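The structure under discussion appears below in the form of structure tokens.
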């Protein structure tokens, strides 16, 4: 099972203001904007990989993430999300909020990330 | 078809902290807090007009918007939202996240905006 | 009627960056992570009590809250939320957004809070 590529949203992947980085919502697509099919955890990992790619474009590291708001299409996937969360952040973890919301098909997770280029926190 | 006026929420339209502006969620109401009836796109335009009005109160310009989180009551309106988005931001665009959520009736869109009074980004 | 204790999320209660505080989503649990049963308003009060507790850990006061995003499992509870909101913020109020979303059972409200340790706003 595979998905057709989706159209990227008409927005930049991030905006920087001072040391603050506000990312556009990241979903589980590959480099050709083809949604990741298969296990939910693989989709979450792909979404976090896109977060890391955007952070790298902005000159930031994953350790500089301050907050992750995750939108899940099905709250039954909550434990699968936690499983990937713990792998993504083995040590210092960001603040987070996780709620259920409607997402554009076929996405099951979308990640909203705030990060900082400053390390003094 | 027209709607009765709704009660404004018991909150300020924005809070400023340093150069950062955090707006309260903006919906498509006219100056009398009467929800805009008719086409979805008209409601989105009215919501963005309210965002611009609040920014003006705060001494900011639309170009200083950093991030727009849009909540849509019906994801079937996603392309209508994009249509207005492109008109509202013909050049430099903010970061954005767009999800489906339940909204107080009769609203079909609510906009959550973060802006900055500083232009150095 | 009472609820079994829930597992705390694998995330810190807040992250500080400069003067900015980003809190993890707060729900209506007691000190043993047992969800508050009974009236919706009591659950909202418990969630705000947890917000205040986290702010105190961070060295901040409730007056330093900039924005509250509230997620309600049932928009029929909107007026109950407003009732508690007005009691929690009798004077200076934060900016706010309130939407309906799916929450992990048995929660009916979750609060997403941004605050500042700086008082110059």
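Residue numbers (my numbering), protein chains in the order written: chain A, 683 to 803; chain B, 683 to 803; chain C, 683 to 803. In this text, a Cβ means the ideal position worked out from N, Cα and C, and glycines have one as well. Here the structure is a predicted model, which means the values were calculated and not measured.
Residues that residue i contacts on chain B, provided the C-beta gap is smaller than 7 Å
i: residue 743(C); result: In chain order: nothing, as chain B lies at least about 14 Å away.
i: residue 748(C); result: 697, 699 and 704
i: residue 798(C); result: 699
Short Cβ contact (9 Å threshold) for residue i with residue j
i: residue 800(B); j: residue 746(B); result: yes
i: residue 783(C); j: residue 781(A); result: yes
i: residue 752(C); j: residue 794(C); result: yes
i: residue 717(B); j: residue 709(B); result: yes
i: residue 744(C); j: residue 765(C); result: no
i: residue 702(C); j: residue 748(B); result: no
i: residue 715(C); j: residue 688(C); result: yes
i: residue 699(A); j: residue 706(B); result: no
i: residue 736(A); j: residue 695(A); result: yes
i: residue 796(C); j: residue 704(C); result: yes
i: residue 697(B); j: residue 690(C); result: no
i: residue 686(A); j: residue 722(A); result: no
Inter-residue Cα distance where the pair is residue i and residue j
i: residue 719(B); j: residue 792(B); result: 15 Å
i: residue 763(B); j: residue 772(A); result: 38 Å
i: residue 692(A); j: residue 778(C); result: 26 Å
i: residue 756(B); j: residue 767(C); result: 27 Å
i: residue 761(B); j: residue 788(B); result: 20 Å
i: residue 754(A); j: residue 790(C); result: 17 Å
i: residue 684(B); j: residue 738(A); result: 49 Å
i: residue 774(A); j: residue 730(A); result: 16 Å
i: residue 728(C); j: residue 742(C); result: 18 Å
Interface partners of residue i on chain A, CB under 8 Å
i: residue 792(C); result: 779 and 781
Chain A contact for residue i (CB, 9 Å cutoff)
i: residue 789(B); result: no
i: residue 795(B); result: no
Any C-beta of chain C under 9 Å from that of residue i
i: residue 707(B); result: yes
i: residue 687(B); result: no
i: residue 712(A); result: no
Contact set between residue i and chain B, taken where Cβ atoms lie within less than 9 Å
i: residue 697(C); result: Simply none; closest approach about 16 Å.
9 Å Cβ cut-off: residues of chain A touching residue i
i: residue 786(C); result: 757, 760, 780, 781 and 782
i: residue 690(C); result: Residues of chain A passing the Cβ test: none, with the nearest at roughly 11 Å.
CB contact check: residue i to chain B, cutoff 9 Å
i: residue 763(A); result: no
Closer than 8 Å at the beta carbon, the chain C residues around residue i
i: residue 752(B); result: By Cβ distance, chain C contributes nothing, its closest Cβ being about 11 Å from residue 752(B), past 8 Å.
* For the segment 715-742 of chain C, which residues have a beta carbon sitting closer than 8 Å to at least one beta carbon of chain B? -> none
* Quick one: which residues of the segment 766-778 of chain A get their C-beta closer than 9 Å to a C-beta of chain C? List them in chain order. => 767, 768, 771, 774, 775, 776, 777 and 778
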